[in-house]
Amino acid sequence: AWQSHQQVLGTLLTEHASLFGLRVKVLEGQGFPGGYHYHRDPNLMRKIVQGKFIPYLFHMSWTKSKENKVLFMQQMGLWYIRDQCLNDKAIDILGERGDFSAICCSK
17 AWQSHQQVLG
27 TLLTEHASLF
37 GLRVKVLEGQ
47 GFPGGYHYHR
57 DPNLMRKIVQ
67 GKFIPYLFHM
77 SWTKSKENKV
87 LFMQQMGLWY
97 IRDQCLNDKA
107 IDILGERGDF
117 SAICCSK
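Here you go:
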């Protein structure tokens, strides 16, 4: 049995690379941590929370529910979306209010 949809995707990417010559680059390492690191690498999380390390990108995979993902990102100081934009679609924000990043991004 598969543990996550990401394992399935990884397998499919590998298969397509072999069969069809698909070229794939994977963002790995501490510069691109995810939920796996959040749940299993307390030293890295401590560095992020203390501001000693700033990842290029953090994807909160391996975490159930949008609520938990947002909560964990907020706890780490990596959440930059204003509450007013959480339930709106980007196309609606752009159409009604203009500049998405100026309206929705806190940093």
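Taking the numbering used here, the leading residue of the sequence shown gets 17, the next gets one more, and so forth.
Cβ coordinates follow ideal geometry from the N, Cα and C atoms, glycine included.
None of the values given here were measured: they were computed from a predicted structure.
Following the DSSP letters along the chain, one finds GLN90 inside the alpha helix (DSSP H) bounded by residues 82-92. In the structure shown, GLY26 adopts helical secondary structure according to DSSP, grouped into three states. For the 8 Å CB-CB criterion, SER77 and TYR96 do not form a contact.
In the DSSP assignment, LYS63 falls within the alpha helix (DSSP H) that extends over 58-65.
Contact between LEU43 and LEU87 does not hold, since their C-beta atoms are separated by about 24 Å, which reaches or exceeds 8 Å.
For PHE116, the uninterrupted alpha helix (DSSP H) run begins and ends at 116-120, by DSSP.
Taking every protein chain shown into account, the CB of HIS21 has fewer than 16 other CB atoms within 10 angstroms, so this residue is exposed. Beta-bridge annotation (DSSP): GLY50 is paired with HIS75.
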